[in-house]
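Per the UniProt record's numbering, the sequence shown runs over residues 1 to 100. Below: the structure, in structure tokens.
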Amino acid sequence: MAEKGNENLMAAASYLLGFVTGVIFLLIEKESKFVRFHAMQSTILFGGIFIINIGLGFIPILGWLAGLLLSFVAFILWIVCMWKAFQGEMYKVPYAGALA
Numbered sequence: 001m002a003e004k005g006n007e008n009l010m011a012a013a014s015y016l017l018g019f020v021t022g023v024i025f026l027l028i029e030k031e032s033k034f035v036r037f038h039a040m041q042s043t044i045l046f047g048g049i050f051i052i053n054i055g056l057g058f059i060p061i062l063g064w065l066a067g068l069l070l071s072f073v074a075f076i077l078w079i080v081c082m083w084k085a086f087q088g089e090m091y092k093v094p095y096a097g098a099l100a
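If you want it as structure tokens, here you go:
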């Protein structure tokens with residue numbers, strides 16, 4: 001198992017590129033439940049946001065505005081999740097954290 005500092009860094013890095021790094025850390029980390037939790041939460045949260053943003057792109061005008069708002073919320077969540085993971089907290093985002 002990795003040292004505590006490395007676990008925190010790996011958990012924070014699982015949010016770095018959204019669901020892409022979440023999937024990567026799910027595949028490479030087999031032992032740390034902390035890192036796997038954050039990787040799974042990243043995959044569920046940002047994968048879901050990605051799919052919703054694609055769907056909103058098909059709705060004229062209002063979809064674009066809703067997508068812009070969703071992107072802003074996703075940016076805030078991205079920062080909060082990375083910070084909480086780096087601090088060693090098992091922070092659960094509503095819905096996504098429960099599934100992870």
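Yeah, the Cβ is synthetic: ideal placement off N, Cα and C, and Gly gets one too.
Item: Contact under 8 angstroms by Cβ, residue 85 with residue 12; Value: yes
Item: Where residue 8 falls, given that 16 or more other Cβ within 10 Å makes a residue buried; Value: buried
Item: Identity of the residue in 35, 77 and 17 nearest residue 10 by Cα; Value: 35
Item: Alpha-carbon spacing of residue 93 relative to residue 46, whole angstroms; Value: 11 angstroms
Item: Residue 41, buried or exposed, once every other Cβ within 10 Å from all chains shown has been counted against 16; Value: buried
Item: Pair within 8 angstroms by beta-carbon distance, residue 91 and residue 81; Value: yes
Item: Close beta carbons around residue 20, own chain, < 6 angstroms, minus the five adjacent residues each side; Value: none
Item: Beta-carbon spacing of residue 31, residue 39 below 8 angstroms; Value: no
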